[in-house]
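Structure record follows, encoded as structure tokens.
In mature numbering (1 follows the signal peptide of the UniProt record, and there is no 0), the protein residues as written are -16 to -1, 1 to 476.
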């Protein structure tokens, strides 16, 4: 024990210098590894990471520092969750609420992919600042009056390992959603239990796109671990709700939704796909649906599921890709790279600037990219999108009283609103009949119709008319109004 204490003392006095940022290890305050509590305001240094450990997560630690980034009106922090005894590192940004940080709820935001950085959500959608596309600012970003941190403290998490500024010392990446869930749970636990002002504070998990796969699994893991912690007399995470925007959750409805977007009037007043292509798609759809249900949902078989996906993509996606339209917004053509938005390359250039990397404390020597091809390929090698039907997680959360907000922009093709409506309608849970008997009604922002909504029990569905895949980007006022009402438990 004395030797361990001596080692800890030596380590705690050692400092490493990397990328202009100094790091210090802060050992537990006693040999029993009790959790020292702090107030986040005690973290004042902008050139030193403060390390946080937890006895129940010996393979994890959180490092956090203050920074002057993006929003000068609030306290801003960045840092890393170190995983696997320091071999892997997940980057995060944290912005306090503009309204009442001492009392407002906490949100966590993740983007999709799999393998895409939450910097897209931060600098293009719902963050306190947006990337400056008109060169009107001196620092590369402009103020976002519709930021979700107007009324919530918010994390933006680059996960899994290998995404954005997140990296691994030896090149390994997390390759399944279920593996990633353990790291997210550890991060929230360490942060909330160390910084005592967040103890018991409501937290809402939010995200879009592949977040429809991530978030139900993350929330379910947190809920299950809460039961373990409660039985042991330990603090729990106050999981309050889950928000999924244009998510990919039940893959069996995806292609039927895409057909309706292209060949029906679910998005535009008149179909934009050719009649001959729509006929071919209509003929292929029953076979596609049957193959997906048989091989990817009812009884997962990797080889047969891959064959089903290949057939469905060939018959029901090829024509859209050939059109040159933006897969995330059918009303626009694709610009730039495969992500279809010029903002993506500008964000990457901005986050690769040496001064910005130093400001944020980014350690990775790799260039920042909006989406990691390697992470995406690794997830795909495990058939992560198909192997575990995420709608089962959603049903389990609803049965346990966790509120779910499913929202969707109507101009998205990739993870379209029709596909989301179809899986929500058929979801097996005790509130199914009540939900399906509810009528759709219009909802409004500033007297203008924003979309349609329906709700029953703890399940709410919202459409945002005229928005694409990234609702806060296309409809910032409407998306903020939606989130504000959700956090306030107000009707849409």
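Where a beta carbon is used, it is the ideal one built from N, C-alpha and C, also for glycine. Computed from a prediction, not measured in an experiment: that's the story for all the values here.
- About 7 Å separates the CB atoms of residue 108 and residue 454; that is less than 8 Å, so the two are in contact.
- Judged by DSSP secondary structure, residue 67 falls within the beta strand (DSSP E) whose first and last residues are 60 to 67.
- Here the C-alpha atom of residue 417 lies approximately 51 Å from the C-alpha atom of residue 26.
- Taking a C-beta distance under 8 Å as the contact criterion, residue 307 and residue 367 do not qualify as a contact pair.
- Per DSSP, reduced to three states, the secondary structure at residue 397 is coil, with no helix or strand assignment.
- Annotated as proximal: residue 71 and residue 153, with beta-carbon spacing under 8 Å.
- If you draw a straight line from the Cα of residue 304 to the Cα of residue 224, it comes to about 38 Å.
- The Cβ atoms of residue 76 and residue 33 lie no closer than 8 Å to each other.
- 355 is the residue among 88, 82 and 355 whose C-alpha sits nearest the C-alpha of residue 194.
- About 6 Å separates the CB atoms of residue 111 and residue 128; that is less than 8 Å, so the two are in contact.
- Take residue 250, set aside five residues on each side of it, and the residues of its chain with a beta-carbon closer than 6 Å to its own are 244 and 402, in chain order.
- The alpha-carbon separation between residue 217 and residue 210 amounts to approximately 10 Å.
- In the structure shown, residue 368 adopts helical secondary structure according to DSSP, grouped into three states.
- A Cβ-Cβ distance of about 5 Å is found for the pair residue 222 and residue 184, placing them in contact under the 8 Å criterion.
- The Cβ-Cβ distance between residue 23 and residue 174 does not fall below 8 Å.
- With a cut-off of 8 Å on Cβ pairs, the stretch 267 to 281 is in contact with the stretch 233 to 244, counting three or more such pairs.
- In the structure shown, residue 441 adopts coil according to DSSP, grouped into three states.
- Taking a cut-off of 8 Å for Cβ pairs, the stretch 366 to 383 and the stretch 407 to 421 touch, as three or more such pairs fall below it.
- Leaving aside the five residues that flank residue 136 on each side, the residues in its chain whose CB is nearer than 7 Å to its CB run, in chain order, 81, 88, 89, 90, 91 and 471.
- In the DSSP annotation of this structure, residue 426 is not part of any alpha helix (DSSP H); the continuous beta strand (DSSP E) holding it starts and ends at 425 to 429.
- Take residue 205, set aside five residues on each side of it, and the residues of its chain with a beta-carbon closer than 6 Å to its own are 165 and 169, in chain order.
- Three or more Cβ pairs drawn from the stretch 334 to 347 and the stretch 62 to 69 lie within less than 8 Å of each other, which places the two stretches in contact.
- Residue 471 sits in a helix when the DSSP states are folded into three classes.
- Per DSSP, residue 230 is one residue of the beta strand (DSSP E) stretching across 223 to 231.
- Sequence-distant Cβ neighbours of residue 167 in its own chain, meaning closer than 6 Å and more than five residues away, are 67.
- By the CB criterion at 8 Å, residue 461 and residue 448 fall outside the cutoff.
- Taking every protein chain shown into account, the CB of residue 397 has 16 or more other CB atoms within 10 angstroms, so this residue is buried.
- The C-beta separation of residue 378 from residue 270 comes to about 26 Å, leaving the pair out of contact by the 8 Å criterion.
- Taking all protein chains shown into account, residue 260 has fewer than 16 neighbouring C-beta atoms within 10 Å of its C-beta and is therefore exposed.
- Partner residues in the beta bridge of residue 138, as assigned by DSSP, are 79 and 91.
- Going by beta carbons, residue 150 and residue 74 fall inside the 8 Å limit.
- With contacts defined by Cβ atoms closer than 8 Å, residue 428 and residue 437 do not form a contacting pair.
- A residue is called buried once 16 or more other Cβ atoms fall within 10 Å of its Cβ, and residue 118, having fewer, is exposed.
- In the displayed model, residue 415 falls within coil according to three-state DSSP, outside both helix and strand.
- CA-CA distance, residue 147 to residue 100, rounds to 6 Å.
- Remark: C-beta atoms of residue 370 and residue 284 approach each other more closely than 8 Å.
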